[in-house]
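Input: a single structure, listed below in structure tokens.
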Amino acid sequence: MVHHWLVKSEPSAYAWEDLVKDGKTAWTGVRNFQARNNLRAMKKGDLVLFYQSVSAPSVRGITQVVKEAYQDGTAHEGDWSCVDLKSVRNLPTPVTLAEIKADPKLAEMALIKQSRLSVMPVTREEYKRILELAGMN
DNA sequence: GCCAACGTTGGC
DNA sequence: GCCAACGTTGGC
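Numbered according to numbering that gives the first Met the number 0, the first sequence spans residues 0 to 136.
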């Protein structure tokens, strides 16, 4: 059973274009318990939306979990995890935060309800709706 | 650049 | 255990 997720990144830290170029990356640096627990719940093959925060906030692409949670080597103290994500495809049209907020079907998204959470589950319906808005039918 | 919302820390 | 102070995130 494939589950769906959304991760955030500021383009100044790690942009969607960086992941497209790299192909794959270790999703390190998460230092929030709830976000960490979400990372740990990810399974290989799960699909993860890449959301760009702060600058032109929008969902930019689709990624996939290629390695499940393991020790985040960038953490010098504490019990933190990361996963490996690979880029799967670029969204033909990014789905902006404004569009998401304006869409009744997406009103319950954690992205809206818990604006500071950086790794969150997305329902199957929400995932499908985002792809629709991105022009992928 | 500003500021609201939120998570964490630490004094009591 | 409460809550004020503080730091960070992220929208605008």
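We put the CB at the ideal spot given by N, CA and C, even for glycine.
Since the model is a prediction, treat every value here as computed from it, not as a measurement.
Contact check, residue i vs residue j, beta carbons under 8 angstroms
| i | j | result |
| --- | --- | --- |
| V6 | C81 | no |
| M41 | V64 | yes |
| V47 | E9 | no |
Between the CA atoms of residue j and residue i - distance to the nearest angstrom
| i | j | result |
| --- | --- | --- |
| A34 | R115 | 10 angstroms |
| D71 | R59 | 25 angstroms |
| M135 | E124 | 14 angstroms |
| L18 | N89 | 10 angstroms |
| S57 | P93 | 6 angstroms |
| N36 | A101 | 29 angstroms |
Neighbour-count burial assignment, residue i, 16 or more Cβ in a 10 Å radius
| i | result |
| --- | --- |
| T62 | buried |
| I51 | What sits at residue 51 in the sequence shown is Gln, not Ile. Its Cβ being crowded by 16 or more others within 10 Å, Q51 is buried. |
| I129 | buried |
| F32 | exposed |
| M0 | exposed |
| I99 | buried |
Bounding residues of the beta strand (DSSP E) (the contiguous stretch that carries residue i)
| i | result |
| --- | --- |
| Y69 | 57-70 |
Residue i - containing alpha helix (DSSP H), residue span
| i | result |
| --- | --- |
| K85 | Element bounds for K85: not the alpha helix (DSSP H) but the beta strand (DSSP E), 80-95. |
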